[in-house]
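Contents: one structure, followed by commentary.
Protein chains in written order, with our numbering: chain P, 4 to 372; chain X, 6 to 401.
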């Protein structure tokens, strides 16, 4: 009797209805879960069909990839021959062909160092960082400028393309980071004059556009040095860029310094450590680690803004491509040129921003309250 | 190796340099002397160089005749005007493109930022792609792209692309209808002003009423009705005294209508699209910064969804959004100086470009240009500090 009135074992869970499972279920849950969302989804799909597909058709499917002259362009889609024909000059600028191996070595060394510093598991980070900040710039300087150890001298006038962009970016980064640390410490100093100087310095550079700084570097700096000294144009721009970004860097680092509790400093004082020992061994290691994402974001901004040097007549990546557009053999390829430039900058900046997000997730423990 | 110092510095004991106060004084004095010597050296060099090049310093050059023309002038200007006038023209053009850019960037930024939080997967992804694409491409590349690859590639005026037969796009920019006020039009702007004041007064009264009786009036709807309705009634009552001068093809170009330079359009597009990507991120992080507990608490008080958003989420999100947003606005104003790359006549292009080249007064001109941006930045950060102090979380 009991058998017929109730069960003793559980019923197997029935499978969810077809409409809430698999692809269809996903579509229903994410795209068509209500009238408004359905309309939005359809509009977005239409938009993608109108914009993305024609772009892909232009950039990939109908594009011309092979060839060396303009005759290779059929005119239906993008003509990437424009880029490949002048690829060498886009990378090296006007750097003499015989000496380009030197640029390659610097590129390779830079790639190794950056990878070493970026991968968290690599050992001896401190020494590699020290080498990147001091040893690498010297090696790169000797190799790129030449004129010693039997290397042919290459004036900075001949530098250009991606190589110049990376040079400006690396010098800007390597120069502005230490300067920014000093400024940030100075701004938190208890000495009124030191603090005042740092505040004025930081607020001045942060208040003006980079273009005016570059203008200043190109027209005012020559007036500041004795008339007989020939002041290299690239060096002038680099000084301007370094000062400008050190102010932004200082503010990022200052935010990190503020996040470190007062107790850390006081504990250091109680141990009788000097100011520089307290800063170098206790405060800065914690503060800098905290603001790595902010520092990387400043690097990204710096990297993007290296393109501004074209306005004062340096031939960086963008300027080389732009100069190629005025070549009478290759008129009418501005879309290809600028899309390519955008893609190159995008790859660099996007990877940096991804890295900064990764670090942020890794550091997302500890100090956060 | 570091060794803890064994003797504590005390006043009157030990060598003088161990005394922190004395040491601070010495460090500052040395810094002061070094800086003073350095600046003195620079000034000395500069004066020598200026003398050698025969340049006279001073602002007298501002009264000289400019002798060049500027394609876009918001106030009267001819090539007979002074250099001082070119400064004003450039400044106004900078402010024009900045204002247009700020409005557009805010609208696009808010839409994209909210779209990133949308439950609609496609829309959220699209917004993410927008942000990641545009904020990782240098602004200068974007400006050059819009100018050279898009706007300069438009057809000649004869083959203009037209929109509703009122807006025309061609290689010389955009032509749009020009509003021509007739007699009696001046009453409408006054009506608008009165309506705005009335709406504010009404808002205050409604707030007081709510505080007293607990009953809320639909302030936003009534306010909007006043602001739109009153000027409209006045406008119609005075007999619609406004005419639109439609652009017409005459010869090789358009006659009538307002012609907007392609440089302005390119700069405006690039600035708004670029800055909007950053604003979208700020809006998103601002909304996410309001903890979910706030929304849940509002729900448990059975507040309607709209009220929760308007009175609970947005005011708290604004505390995060506004300071970052103003710094983006400042960036936009500073970035508008990239105008010089495509020849939009802004402050840097006109004054620090053409005027500098003609007069050679590098120091004065760069200083004036930088001062403009500095004044704008410092004023805004001052106002921002006031705002922050006002909206700071009041904690006990």
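In this text, a Cβ means the ideal position worked out from N, Cα and C, and glycines have one as well.
Say whether chain X places a C-beta atom closer than 8 Å to the C-beta of residue i.
i: residue 371 of chain P; result: Confidence at residue 371 of chain P is low in this model, with a pLDDT of 42, below 50, so the placement of that residue should be treated as unreliable; the coordinate-derived value is given next. It does not; no Cβ of chain X falls within 8 Å.
i: residue 373 of chain P; result: Outside the modelled stretch of chain P, which goes from 4 to 372, sits residue 373 of chain P, for which no answer is possible.
i: residue 129 of chain P; result: no
i: residue 202 of chain P; result: no
i: residue 358 of chain P; result: no
i: residue 325 of chain P; result: yes
i: residue 4 of chain P; result: Below a pLDDT of 50, predicted positions are generally treated as unreliable, and residue 4 of chain P, at 48, falls in that range; the measurement from the model is reported next regardless. Not closer than 8 Å to any Cβ of chain X, the Cβ of residue 4 of chain P fails to qualify, so no.
i: residue 348 of chain P; result: yes
i: residue 344 of chain P; result: yes
i: residue 49 of chain P; result: no
i: residue 329 of chain P; result: no
i: residue 311 of chain P; result: yes
i: residue 341 of chain P; result: yes
i: residue 210 of chain P; result: yes
Report the three-state DSSP secondary structure of residue i (helix, strand or coil).
i: residue 85 of chain X; result: coil
i: residue 76 of chain P; result: coil
i: residue 185 of chain X; result: strand
i: residue 317 of chain P; result: coil
i: residue 259 of chain X; result: strand
i: residue 70 of chain X; result: strand
i: residue 167 of chain X; result: strand
i: residue 151 of chain P; result: coil
i: residue 334 of chain P; result: coil
i: residue 254 of chain X; result: strand
i: residue 275 of chain P; result: coil
i: residue 57 of chain P; result: helix
i: residue 289 of chain X; result: helix
i: residue 107 of chain P; result: helix
i: residue 371 of chain P; result: Confidence in residue 371 of chain P is poor, its pLDDT being 42 and thus under 50, which makes the residue's placement unreliable; the coordinate value appears in the next sentence. Note: residue 371 of chain P maps to coil in three-state DSSP.
i: residue 270 of chain X; result: helix
i: residue 125 of chain X; result: coil
i: residue 18 of chain P; result: coil
Which residues does DSSP list as the beta-bridge partners of residue i?
i: residue 265 of chain X; result: X:179
i: residue 376 of chain P; result: Here chain P has residues from 4 to 372 only, and residue 376 of chain P is not among them.
i: residue 249 of chain X; result: X:184
i: residue 173 of chain X; result: X:167 and X:180
i: residue 164 of chain P; result: P:319
Could one say the Cβ of residue i lies closer than 8 Å to chain P's Cβ atoms, at least one of them?
i: residue 142 of chain X; result: yes
i: residue 311 of chain X; result: no
i: residue 153 of chain X; result: yes
i: residue 98 of chain X; result: no
i: residue 33 of chain X; result: yes
i: residue 378 of chain X; result: yes
i: residue 374 of chain X; result: yes
Buried or exposed for residue i, going by 16 or more other Cβ atoms inside 10 Å?
i: residue 208 of chain P; result: buried
i: residue 268 of chain X; result: buried
i: residue 257 of chain P; result: buried
i: residue 72 of chain P; result: exposed
i: residue 108 of chain X; result: exposed
i: residue 151 of chain X; result: buried
i: residue 390 of chain X; result: exposed
i: residue 152 of chain P; result: exposed
i: residue 1 of chain X; result: Shown here, chain X extends from 6 to 401; a query on residue 1 of chain X therefore has no answer.
i: residue 83 of chain P; result: buried
i: residue 401 of chain X; result: Low local confidence applies: a pLDDT of 49 at residue 401 of chain X is under 50, so the model's placement there is unreliable, with the coordinate-based value given in what follows. Looking at its Cβ environment, which holds fewer than 16 other Cβ atoms inside 10 Å, residue 401 of chain X is exposed.
i: residue 382 of chain X; result: buried
i: residue 321 of chain P; result: buried
i: residue 77 of chain X; result: buried
i: residue 153 of chain X; result: buried
i: residue 286 of chain X; result: buried
i: residue 318 of chain P; result: buried
i: residue 24 of chain P; result: exposed
i: residue 68 of chain X; result: exposed
i: residue 228 of chain X; result: buried
i: residue 266 of chain P; result: exposed
Counting beta carbon pairs with one atom in the stretch 117 to 124 of chain P and one in the stretch 195 to 206 of chain P, are three or more of them shorter than 8 Å? As far as the Cβ criterion goes, the stretch 195 to 206 of chain P does not touch the stretch 117 to 124 of chain P, which means the pair count is below three.
Check whether the stretch 352 to 360 of chain P and the stretch 137 to 157 of chain X are in contact - that is, three or more C-beta pairs closer than 8 Å. Touching, per the Cβ criterion.
Is it true that the stretch 245 to 256 of chain P meets the stretch 288 to 308 of chain P, where meeting means three or more beta-carbon pairs spaced less than 8 Å apart? At 8 Å Cβ cutoff, the stretches touch.
contact_flag[the stretch 334 to 348 of chain P, the stretch 159 to 171 of chain X] where n(CB pairs < 8 Å) is 3 or more: Output reads no: the stretch 159 to 171 of chain X does not touch the stretch 334 to 348 of chain P.
Determine contact between the stretch 57 to 76 of chain X and the stretch 321 to 328 of chain X, defined as no fewer than three beta-carbon pairs at a distance below 8 Å. Cβ pair count under 8 Å is below three, so no.
Pairing CB atoms from the stretch 178 to 186 of chain X with CB atoms from the stretch 239 to 250 of chain X, are three or more of them under 8 Å? A contact exists between the stretch 178 to 186 of chain X and the stretch 239 to 250 of chain X.
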